[in-house]
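Participant: As they're listed, the protein sequences go chains A and B.
Quick note on the numbering used here: the first sequence kicks off at 13 and runs consecutively.
Quick note on the numbering used here: the second sequence kicks off at 13 and runs consecutively.
2 protein chains.
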Amino acid sequence: MAQHTGLKTAAIEKISHLEYFNIAVSVDCVIFGYDEKELKVLLIKSDLEEFSGLDSLLGDLVRPDEHLETASYRILKERTGLDDVYLEQVQAFGSINRHPSGRVITIAYYSLIDISHHKLRLDNNELNWHPVNDIRKMAFDHKLILDTCLKRLQQQIMNQPVVFNLLPEKFSLRQLQELYESILGVELDRRNFRKKISLKDWLQDVGEMEEDVPHRPGKLYKLKTSQPKKPVRKKAGAVSA
Amino acid sequence: MAQHTGLKTAAIEKISHLEYFNIAVSVDCVIFGYDEKELKVLLIKSDLEEFSGLDSLLGDLVRPDEHLETASYRILKERTGLDDVYLEQVQAFGSINRHPSGRVITIAYYSLIDISHHKLRLDNNELNWHPVNDIRKMAFDHKLILDTCLKRLQQQIMNQPVVFNLLPEKFSLRQLQELYESILGVELDRRNFRKKISLKDWLQDVGEMEEDVPHRPGKLYKLKTSQPKKPVRKKAGAVSA
DNA sequence: ATTTAATGTGTTGCAAGTACATATTTATTA
DNA sequence: TAATAAATATGTACTTGCAACACATTAAAT
Numbered sequence: 013m014a015q016h017t018g019l020k021t022a023a024i025e026k027i028s029h030l031e032y033f034n035i036a037v038s039v040d041c042v043i044f045g046y047d048e049k050e051l052k053v054l055l056i057k058s059d060l061e062e063f064s065g066l067d068s069l070l071g072d073l074v075r076p077d078e079h080l081e082t083a084s085y086r087i088l089k090e091r092t093g094l095d096d097v098y099l100e101q102v103q104a105f106g107s108i109n110r111h112p113s114g115r116v117i118t119i120a121y122y123s124l125i126d127i128s129h130h131k132l133r134l135d136n137n138e139l140n141w142h143p144v145n146d147i148r149k150m151a152f153d154h155k156l157i158l159d160t161c162l163k164r165l166q167q168q169i170m171n172q173p174v175v176f177n178l179l180p181e182k183f184s185l186r187q188l189q190e191l192y193e194s195i196l197g198v199e200l201d202r203r204n205f206r207k208k209i210s211l212k213d214w215l216q217d218v219g220e221m222e223e224d225v226p227h228r229p230g231k232l233y234k235l236k237t238s239q240p241k242k243p244v245r246k247k248a249g250a251v252s253a
Numbered sequence: 013m014a015q016h017t018g019l020k021t022a023a024i025e026k027i028s029h030l031e032y033f034n035i036a037v038s039v040d041c042v043i044f045g046y047d048e049k050e051l052k053v054l055l056i057k058s059d060l061e062e063f064s065g066l067d068s069l070l071g072d073l074v075r076p077d078e079h080l081e082t083a084s085y086r087i088l089k090e091r092t093g094l095d096d097v098y099l100e101q102v103q104a105f106g107s108i109n110r111h112p113s114g115r116v117i118t119i120a121y122y123s124l125i126d127i128s129h130h131k132l133r134l135d136n137n138e139l140n141w142h143p144v145n146d147i148r149k150m151a152f153d154h155k156l157i158l159d160t161c162l163k164r165l166q167q168q169i170m171n172q173p174v175v176f177n178l179l180p181e182k183f184s185l186r187q188l189q190e191l192y193e194s195i196l197g198v199e200l201d202r203r204n205f206r207k208k209i210s211l212k213d214w215l216q217d218v219g220e221m222e223e224d225v226p227h228r229p230g231k232l233y234k235l236k237t238s239q240p241k242k243p244v245r246k247k248a249g250a251v252s253a
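1) By the DSSP assignment, the beta strand (DSSP E) with I125 of chain A in it spans what residues?
2) Cβ atoms of F44 of chain A and V53 of chain A: under 8 Å apart, would you say?
3) With the cut-off set at 8 Å, would you say C41 of chain B and S84 of chain B are in Cβ contact?
4) Would N109 of chain A be called buried (16 or more neighbouring beta carbons within 10 Å of its own) or exposed?
5) Spatial neighbours of L99 of chain B within its chain, please: C-beta separation below 6 Å, excluding the five flanking residues on both sides.
6) From the beta carbon of I35 of chain A, is the nearest beta carbon of chain B less than 8 Å away?
7) I'd like to know whether the C-beta of S107 of chain B is nearer than 8 Å to at least one C-beta of chain A.
8) Given T92 of chain A, which residues of its chain have a CB within under 8 Å of its CB, disregarding the five upstream and five downstream residues?
9) Using C-beta distances below 8 Å, list every residue in its chain close to K149 of chain A, excluding the 5 sequence neighbours before and after it, in chain order.
10) Taking the CB atoms as reference points, tell me whether L88 of chain B and L80 of chain B lie closer together than 8 Å.
11) Looking at I127 of chain A and Y192 of chain A, is the spacing between their C-beta atoms short of 8 Å?
12) Applying the criterion that 16 or more other CB atoms from any shown protein chain within 10 Å of the CB defines a buried residue, is T118 of chain A buried or exposed?
13) Would you report the Cα separation of L2 of chain B and G197 of chain A, rounded to the nearest angstrom?
14) Grouping DSSP H, G and I as helix and E and B as strand, with all else coil, what is L215 of chain B?
15) If you measure beta-carbon to beta-carbon, which residues of the stretch 76–106 of chain B are closer than 7 Å to chain A?
16) From the DSSP secondary-structure annotation, give me the bridge partner or partners of S68 of chain A.
17) Mind pulling the chain B residues with CB within less than 8 Å of R115 of chain A?
18) Only counting the same chain, and skipping five residues up and downstream in sequence, which positions put a Cβ closer than 8 Å to that of I35 of chain B?
19) Do you know how far the Cα of D72 of chain B is from the Cα of K152 of chain B?
20) If T160 of chain A and V218 of chain A are in contact, beta carbons under 8 Å, what's the gap, nearest whole angstrom?
21) Please classify T237 of chain B as buried or exposed, where buried requires at least 16 neighbouring CB atoms within 10 angstroms.
22) Any chance you could list the beta strand (DSSP E) runs of at least 3 consecutive residues sitting entirely within the stretch 96–184 of chain B, in chain order?
23) Give the single residue among B:N140, B:E50, B:R75 whose Cα lies nearest to the Cα of S38 of chain B.
24) Count the other C-beta atoms from every protein chain shown that fall within 10 angstroms of the C-beta of N225 of chain A, then say buried if there are 16 or more, exposed otherwise.
25) Any beta-carbon of chain A closer than 8 Å to the one on I169 of chain B?
26) Note down the Cα distance separating L70 of chain B from T82 of chain B, rounded to an integer number of angstroms.
27) Where does S238 of chain B sit, in a helix, a strand or coil, going by DSSP?
28) Spell out whether any CB of chain B is found under 8 Å from the CB atom of I119 of chain A.
29) Please say whether V174 of chain B and L51 of chain B have beta carbons closer to each other than 8 Å?
30) Beta carbon of I195 of chain A, beta carbon of I157 of chain A: below 8 Å?
31) Using only alpha-carbon positions, find the residue among A:N140, A:Q166, A:N204, A:S184 that is nearest to K57 of chain A.
32) Which one of A:N204, A:L60, A:N171, A:E223 has the shortest CA to CA distance from W214 of chain A?
33) Can you tell me which of the three DSSP states E50 of chain B falls into?
34) Using the C-alpha atoms, what's the distance from E90 of chain B back to E138 of chain B?
35) What separation, rounded to the nearest whole angstrom, lies between the Cα atoms of E181 of chain A and D146 of chain B?
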């Protein structure tokens, strides 16, 4: 490889050579959901012989004319029917042997979905929600990708109002606390949790109460409209961030 | 595109088709250095006509049999002669039109280098250190990549002992504080800074004093040997993290 | 010897975080 | 209908981390 001339030039000349198109690019989505007081992730049974019986993340190759994020949104739309979801890039994974069929580097995204959303339609019965804590082994390096995305999610929830994408529009503080607990894997003190949340000024009292709970109903809240629950959706042609 | 069958299978079948090898993959390194009390970044004049006069990051296409990190280490070695540097993946950038010659998605890394290191040899006189604060416009989307990497660095330095890769082995607390100030772009209180650093238990008194300073010399410190200044270097075949 | 300029150390106040207790409300049940 | 159970709603004391701030000390330069 060129050592003393500009590598960029050398590189670009080679773009027209086939040898440099031997890497495929995919995106993989870690789709988190929250149901029955458990953090879950949407997985599909791997259809590769090498990984028979194992689950894998939802992903696909990126099309040559497709932005990375567009590819992720496409997968989400195809798999869940949902359109307007929280999505965030986490990292690229590029080990040489991570895919048995060839060199595929993948860009991992995590996404947050309200499982109870009325528009949610899983496209395939090989698709299932799995409690994150029960997952042991996955196809490819997907367990590593899942763990990395979960760590990122854990870091984010204390600073950014993102978990609300996992909940229905209206929720009680208990629901919210249970969600935090299931993501962080720890128990939280109810009084301190409420104090912390109220300091952040994320919530708005909707003036309604829980219904059909076998105990004293709590107030319902929603995310303040001034808080961006979803990131600004970039145009496909825009520079990624 | 396959909507109701496993996408993975569909994808893998297509790996053998040429249409899916139309994306090239590169890595770009944001190489930070510290000199004359300024945070600097190593850039090269772009040799593309489209970007004539503009600087660009150091990068290259990833070879089909090369791990992403290996490619970054290769670039660093070729460009600086250095071998054992701090390197960390930040993000993938994948806009469709980010490269004028074709579809190239790039994985951005940032790396920290001691500019005074005796082994440092820039391979090319188009390569220059630029004060980060002076940089306005760059080739490709490299300004965005630089800004993103700087933000990541800023987040990291308060929690992880990484800045020591930018300093010679022995340094004074003043030097260290000036470095923090130039990375964060703020002035820090000397007493609070020292307290914070000493709480972290990163430093070890080497029992020597500054020399050739026109004022009272300060004690010299080095990073505690128990502190990992560099990340564990993964084997090329290992799963990336 | 004096001046200058930086080093090297607390202290005090404020803000945030943690541990912890009691009164209140609703549904359930006896 | 009254008593009980279970969760909501709220407040206080303690501790820890962070920010503002001042003074004595040391070495080089004059």
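Each residue gets a CB set at the ideal place from its N, CA and C atoms; glycine is no exception.
Because the structure is a prediction, the values reported are computed rather than measured.
Facilitator: Concretely, from the data shown:
1) Numbered from its first residue, the first sequence carries residue 125 of chain A at position 113. It is not in any beta strand (DSSP E) - I125 of chain A carries neither H nor E in the DSSP assignment.
2) Along the first sequence, read from residue 1 onward, the residue named residue 53 of chain A stands at position 41. Along the first sequence, read from residue 1 onward, the residue named residue 44 of chain A stands at position 32. Result yes, Cβ atoms of V53 of chain A and F44 of chain A sit closer than 8 Å.
3) As a first step, residue 41 of chain B is located in the second sequence; it is residue number 29 there, counting from the start. As a first step, residue 84 of chain B is located in the second sequence; it is residue number 72 there, counting from the start. Yes, the Cβ-Cβ distance between C41 of chain B and S84 of chain B is below 8 Å.
4) Counting from one through the first sequence, the residue named residue 109 of chain A turns up at place 97. Classification of N109 of chain A: exposed, given that the 10 Å Cβ count is below 16.
5) As a first step, residue 99 of chain B is located in the second sequence; it is residue number 87 there, counting from the start. Within the same chain, L99 of chain B has close Cβ partners S84, Y121, S123.
6) What you label residue 35 of chain A is simply residue 23 of the first sequence in a count that begins at 1. Judged by the 8 Å Cβ criterion, I35 of chain A is in contact with chain B.
7) One-based indexing of the second sequence puts residue 107 of chain B at position 95. Judged by the 8 Å Cβ criterion, S107 of chain B is in contact with chain A.
8) Looking up residue 92 of chain A in the first sequence gives position 80. Closer than 8 Å at the Cβ level, and outside the excluded window around T92 of chain A, lie I43, L54, I125, L132, R133, L134, D135.
9) One-based indexing of the first sequence puts residue 149 of chain A at position 137. Closer than 8 Å at the Cβ level, and outside the excluded window around K149 of chain A, lie L66, K155.
10) Reading the second sequence from its first residue, position 76 is the one you call residue 88 of chain B. Reading the second sequence from its first residue, position 68 is the one you call residue 80 of chain B. Taking 8 Å as the Cβ cut-off, L88 of chain B and L80 of chain B do not qualify as a contacting pair.
11) In the first sequence, residue 192 of chain A corresponds to position 180, counting from 1. In the first sequence, residue 127 of chain A corresponds to position 115, counting from 1. Contact flag unset, no.
12) Within the first sequence, numbered from 1, the residue matching residue 118 of chain A stands at position 106. Looking at its Cβ environment, which holds 16 or more other Cβ atoms inside 10 Å, T118 of chain A is buried.
13) Not covered by the structure: residue 2 of chain B. The range shown for chain B is 13 to 253.
14) Taking the second sequence and counting its residues from 1, one reaches residue 215 of chain B at position 203. Reduced to three states, the DSSP call for L215 of chain B is strand.
15) P76, D77, H79, L80, E90, Q101, Q103, A104, F105, G106
16) As a first step, residue 68 of chain A must be located in the first sequence, where it is residue number 56. The partner list for S68 of chain A (beta bridge, DSSP) reads A:I56.
17) Taking the first residue of the first sequence as 1, we reach residue 115 of chain A at position 103. Chain B residues near R115 of chain A: P76, D77.
18) As a first step, residue 35 of chain B is located in the second sequence; it is residue number 23 there, counting from the start. Closer than 8 Å at Cβ, skipping near neighbours: R115, V116, I117.
19) As a working note, residue 152 of chain B is residue 140 in the second sequence. As a working note, residue 72 of chain B is residue 60 in the second sequence. One detail in the question is off: residue 152 of chain B reads as Phe in this sequence, not Lys. Distance between the alpha carbons of F152 of chain B and D72 of chain B is about 13 Å.
20) Taking the first residue of the first sequence as position 1, residue 160 of chain A is located at position 148. Taking the first residue of the first sequence as position 1, residue 218 of chain A is located at position 206. In fact, because the Cβ distance is near 36 Å, the residues do not count as touching under 8 Å.
21) Translated into the one-based positions of the second sequence, residue 237 of chain B becomes position 225. Burial call: exposed.
22) 98–105, 116–124, 139–143
23) For the purposes of this step, residue 38 of chain B is taken as the residue at position 26 of the second sequence. Distances from the CA of S38 of chain B to each of B:N140, B:E50, B:R75 were compared; the closest alpha carbon is that of B:R75.
24) Position 213 of the first sequence holds residue 225 of chain A. Looking at the sequence shown, residue 225 of chain A is not Asn but Val. Exposed is the call here.
25) Here residue 169 of chain B corresponds to residue number 157 of the second sequence, with the count starting at 1. Output row for I169 of chain B: interface = no.
26) Counted from its first residue, the second sequence places residue 70 of chain B at position 58. Counted from its first residue, the second sequence places residue 82 of chain B at position 70. The straight-line gap from Cα to Cα measures roughly 14 Å.
27) Against the second sequence, residue 238 of chain B aligns to sequence position 226. Correct three-state label for S238 of chain B: coil.
28) Stepping through the first sequence from its first residue, residue 119 of chain A is reached at position 107. Chain B, which has a Cβ nearer than 8 Å to the Cβ of I119 of chain A, makes this yes.
29) Along the second sequence, read from residue 1 onward, the residue named residue 51 of chain B stands at position 39. Along the second sequence, read from residue 1 onward, the residue named residue 174 of chain B stands at position 162. No, these two residues do not count as a Cβ contact at 8 Å.
30) Numbered from 1 along the first sequence, position 183 holds the residue referred to as residue 195 of chain A. Numbered from 1 along the first sequence, position 145 holds the residue referred to as residue 157 of chain A. Not a contact, by the Cβ cut-off of 8 Å.
31) Indexing the first sequence from 1 puts residue 57 of chain A at position 45. With distances taken between Cα atoms, K57 of chain A lies closest to A:N140.
32) For the purposes of this step, residue 214 of chain A is taken as residue 202 along the first sequence, with counting starting at 1. Closest option to W214 of chain A, Cα to Cα, is A:N171.
33) Walking along the second sequence from the start, residue 50 of chain B turns up at place 38. Note: E50 of chain B maps to strand in three-state DSSP.
34) Here residue 138 of chain B corresponds to residue number 126 of the second sequence, with the count starting at 1. Here residue 90 of chain B corresponds to residue number 78 of the second sequence, with the count starting at 1. Counting only the Cα atoms, E90 of chain B lies some 14 Å from E138 of chain B.
35) Residue 181 of chain A sits at position 169 when you count from the first residue of the first sequence. Residue 146 of chain B sits at position 134 when you count from the first residue of the second sequence. Whole-angstrom Cα-Cα distance: 46 Å.
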